[in-house]
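Here the structure comes first, spelled out in structure tokens, and everything after it is commentary.
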Amino acid sequence: MKILKILFVIFSILGCFSWPSMQSDLETYIVQVESPESQISTQSSRMDLESWYSSFLPKTIATAGSHEEPRLIYSYHNVMTGFAARLSAEQVKEMEKKQGFISARPQRMLPLHTTHTPSFLGLQQNMGLWRDSNYGKGVIIGVLDSGIFPDHPSFSDKGMPPPPAKWKGGCEGNFITKCNNKLIGAKTFTRYSYSPLDDDGHGTHTASTAAGSFVECANVNGNANGTAVGIAPLAHLAIYKVCHSFGCFDSDILAAMEAAIDDGVDILSLFLGTGSGPFYVDPIALGAYSATQRGILVSCSAQNDGPLDSTLSNEAPWILTVGASTIDRKLKATIELGNNKKIEGESAFHPEGHDSTFFPLFDPIRNAVEYDSLYCGPGTLIYPEIKGKIVLCLVGGGYSGIEKGQAVKEAGGVGMIIYNGPDNGVTKNADAHVLPALVITYQDAMNIVAYMNSTSKPVARLSFQGTIIGDKDAPVVASFSSRGPSFSSPGILKPDIIGPGVNILAAWPTYIEDRRKTKYPFNIASGTSMSCAHLSGVAALLKSAHPTWSPAAIKSAIMTTANTVNLANNTILDERLLPASIFAVGAGHVNPSRASDPGLVYDTQLEDYFPYLCGLNYTNGQVSDILRRSVDCEQVKSIPEAQLNYPSFSIRLGTRAQTYTRTVTNVGDAKSSYSLEIGSPPGVGVLVKPSTLKFSKLNQKKTYRVTFSRTADTSTSGEVQGFLKWTNNRHSVRSPIAIVLDTA
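Next up, the structure:
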């Protein structure tokens with residue numbers, strides 16, 4: 011036990027010790043007992059704490075052989091009288107009968123967490139949705155990406171059950187011996203690689219975000235330290251490598267989607283897209299429809315072309331389209347200028363040994379010969395005066411922050427300030443830089459330039475404060491997150507949802523620049539890929555908790571229970587810190603716990619897509635390509651896009667009123683009554699009949715009609731937004747309304 015005590019002290023100092031609690035039927039319990047003095051009459055016969063604690067354990071544990079994993083994890087001496095042990099629920103019940111017992115409770119996961127997003131999303135160990143869904147147990151997530159690094163502990167199968175009997179996939183090539191009960195499938199479909207091994211990092215990062223196992227002491231350069239865990243840590247992973255450094259090809263993507271459907275996945279995660287275009291020529295839309303027919307939910311990233319409008323990918327209504335937002339954690343770094351002004355930025359640089367004295371500033375714009383020197387492109391910083399200076403670099407240009415820093419370092423620079431363009435707003439990517447560096451806003455950069463213009467010897471120094479939790483503006487829509495309206499189908503509101511996608515820490519195949527190596531490699535990345543991975547994990551939790559729900563029902567539950575306010579209880583903001591457009595947030599920010607009990611769902615039926623596609627004026631052949639059966643649009647009454655039984659509304663409204671119907675299914679209380687709240691878009695009247703929905707049994711369906719009409723000057727135009735909300739004493743079912751006012 012002395013070794014355990016020493017380990018406890020060491021890891022407590024590091025602030026990163028947490029024992030796994032999900033192996034087989036055992037959990038880690040914290041047990042409080044009375045002090046031995048209160049149970050033993052004479053001081054001289056008092057047993058020591060170790061013996062006293064052992065007396066509470068079942069004999070099979072207290073006398074365990076040397077080959078059995080120790081059940082007694084910690085012996086507490088100062089903080090409380092008690093201990094932590096790995097126990098089953100039955101063993102705890104037996105312990106409760108013993109004299110001197112006070113209490114036992116399962117251990118909880120507390121902040122700081124490394125990925126942090128489970129906590130930010132309200133997921134807590136042994137409570138709520140994680141408990142109700144059994145952490146996604148039995149659900150298979152298929153990931154189409156750049157492969158995976160199988161030896162990372164995020165893909166350990168400790169405590170994982172075997173894959174479900176329906177699983178027909180497996181591991182190929184050099185991965186036959188790498189797969190386990192967590193990583194149950196690994197195949198490659200890229201022509202440039204014969205192995206599912208991740209040579210990029212992206213696939214490892216997204217897979218661990220969706221369903222990574224618990225890994226202690228995860229961090230990047232000491233930043234964001236804590237326990238890394240995916241959103242659905244007991245879900246299985248099936249990896250389909252479709253991307254290489256050369257790119258991703260649609261033939262490979264389709265082949266991988268087909269294999270995933272045959273293999274028996276429950277969730278498909280895709281972090282790529284072909285841009286806007288008709289669904290019948292979009293390989294992801296085609297594959298996703300086939301997957302949906304088989305009961306597989308398809309979760310896709312919205313693309314990283316924001317903040318411009320209509321820049322979405324993956325717009326089909328049978329796809330869950332995910333945008334990106336910030337979390338309440340910042341990796342703070344600071345610039346102090348020679349005039350004593352301070353500017354805050356973000357960075358994952360490790361400051362160990364960093365010289366925080368003042369250094370001269372250098373701006374390549376003043377000396378630009380090559381265009382790429384503005385971006386600090388490799389090989390473009392040819393100025394000898396850079397040596398010993400902190401260099402300003404514009405974000406973008408096709409170069410990562412790491413590449414920019416390497417270029418500055420090779421040119422002799424001692425530090426780097428990356429500044430956003432005007433459209434990037436407050437979104438800052440916190441990279442693990444190879445030299446002291448941070449990212450700041452465009453406005454802050456202009457203040458630095460003004461300072462440099464005011465003096466002949468501009469200087470600055472950089473300092474790094476590390477992890478800060480508690481940004482009340484979070485979630486903020488990321489500047490790069492692509493926006494609607496949908497180009498391919500404007501009558502469907504996209505994106506559907508937003509989720510954490512900025513500065514997400516997750517598994518990585520190789521070590522990055524790190525002066526004190528962590529035990530396992532992790533990295534911080536940003537993008538709608540990261541937010542999509544979070545939503546894939548959430549979908550897996552809902553599938554595990556509600557195995558009979560269709561993909562449309564799961565999607566509806568996620569959308570109608572989304573948060574529309576930030577941690578400060580104010581409207582969600584965009585990268586300008588202005589109220590975000592409905593075409594940026596969709597239904598809002600995901601709330602996993604509420605999604606598990608939505609009350610009502612809009613369960614779009616597969617047959618509904620036939621008249622919807624005909625309403626897009628596709629030919630019979632084009633519709634047949636999507637539905638994979640011969641159809642004739644003359645045999646069905648086509649519907650306008652906004653008539654599809656979708657959890658949101660998106661319409662173009664002119665002078666004439668428009669009426670649509672929606673059908674909801676009761677998945678809450680058998681007997682329930684819902685009343686209506688309307689948030690009318692400015693200048694638009696909204697009439698709903700009936701205004702009350704009464705249910706007498708589960709899975710009962712009710713239909714309502716909504717009429718939209720102009721109430722203001724019909725010569726005005728623009729985008730307005732509102733909502734419909736059905737509520738009872740337990741549920742709030744919200745449908746966002748996006749309206750483009752037309753003068754016609």
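Read left to right, the sequence shown gives residues 11 to 754 (this note's numbering).
We put the CB at the ideal spot given by N, CA and C, even for glycine.
Below 8 Å on the Cβ atoms is my contact criterion, and I expect residue i with residue j to pass it. Report the Cβ-Cβ distance as a whole number of Å.
i      : j      : result
PRO327 : ILE502 : 5 Å
SER164 : GLY222 : 4 Å
SER546 : SER309 : 4 Å
GLY596 : PRO505 : 4 Å
ALA343 : LEU472 : 7 Å
PRO657 : THR570 : 5 Å
TYR299 : VAL153 : About 19 Å; that fails the 8 Å criterion.
VAL436 : LEU587 : 6 Å
Are the beta-carbon atoms belonging to residue i and residue j less than 8 Å from one another?
i      : j      : result
GLY169 : TRP518 : no
LEU247 : ILE194 : yes
SER496 : LEU322 : yes
GLN632 : TYR145 : no
SER682 : PHE705 : yes
PRO128 : ILE241 : yes
VAL694 : VAL730 : yes
PHE359 : ALA265 : no
SER286 : SER634 : no
THR538 : ALA334 : yes
LYS192 : CYS181 : no
GLY92  : GLN42  : yes
LEU448 : GLU356 : yes
ASP618 : SER560 : no
LEU59  : LEU82  : no
ILE5   : ILE427 : Residue 5 lies beyond the residue range present for the chain, which begins at 11 and ends at 754; the question has no answer from this structure.
ILE747 : PHE659 : yes
SER603 : GLY138 : yes
Quick check: what's the CA-CA separation for residue i versus residue j?
i      : j      : result
GLY283 : GLY274 : 23 Å
ASN738 : THR717 : 23 Å
TYR385 : GLY406 : 7 Å
SER606 : ALA484 : 22 Å
ARG376 : GLN313 : 34 Å
ILE306 : GLU362 : 47 Å
ALA535 : PRO432 : 22 Å
GLY494 : ILE514 : 24 Å
LEU703 : ASN439 : 46 Å
SER203 : ARG339 : 37 Å
ASN349 : SER491 : 36 Å
LEU610 : LEU734 : 13 Å
GLU585 : LEU131 : 20 Å
ASP315 : ALA488 : 11 Å
TYR530 : ASP642 : 57 Å
ARG56  : PHE224 : In this predicted model, ARG56 has a pLDDT of only 38, less than 50, meaning its place in the structure is not dependable enough to derive any value.
PRO589 : PRO173 : 45 Å
ILE458 : LYS397 : 20 Å
PRO692 : PRO510 : 30 Å
ASN136 : SER143 : 10 Å
ILE649 : PHE620 : 9 Å
HIS162 : PHE532 : 9 Å
LEU810 : TYR461 : Outside the displayed range of the chain (11 to 754) lies residue 810, so it cannot be described from this structure.
Classify residue i: buried if its beta carbon has 16 or more other beta carbons within 10 angstroms, exposed otherwise.
i      : result
GLN101 : buried
THR237 : buried
GLU687 : exposed
LEU318 : exposed
GLN615 : exposed
MET456 : exposed
GLY257 : exposed
LYS399 : buried
HIS123 : Residue confidence for HIS123 is low, a pLDDT of 24 falling below 50, so the modelled location carries little weight; the figure read from the coordinates is stated next. Label assigned to HIS123: buried.
PRO394 : exposed
PRO468 : buried
THR38  : buried
ALA478 : Just to set this straight, residue 478 is Ile in the shown sequence, not Ala. Exposed is the call here.
ASP262 : buried
GLY408 : exposed
For the ligand NAP, any of its heavy atoms closer than 7 Å to the Cβ of residue i?
i      : result
GLY183 : By its list of ligands, the structure shown contains no ligand whatsoever, and the ligand NAP lies outside what it can speak to.
For the segment 620–630 and the segment 150–165, state whether three or more C-beta atom pairs, one from each stretch, are separated by less than 8 Å. no
Would you call the segment 417–429 and the segment 444–451 touching, i.e. three or more CB-CB distances under 8 Å? yes
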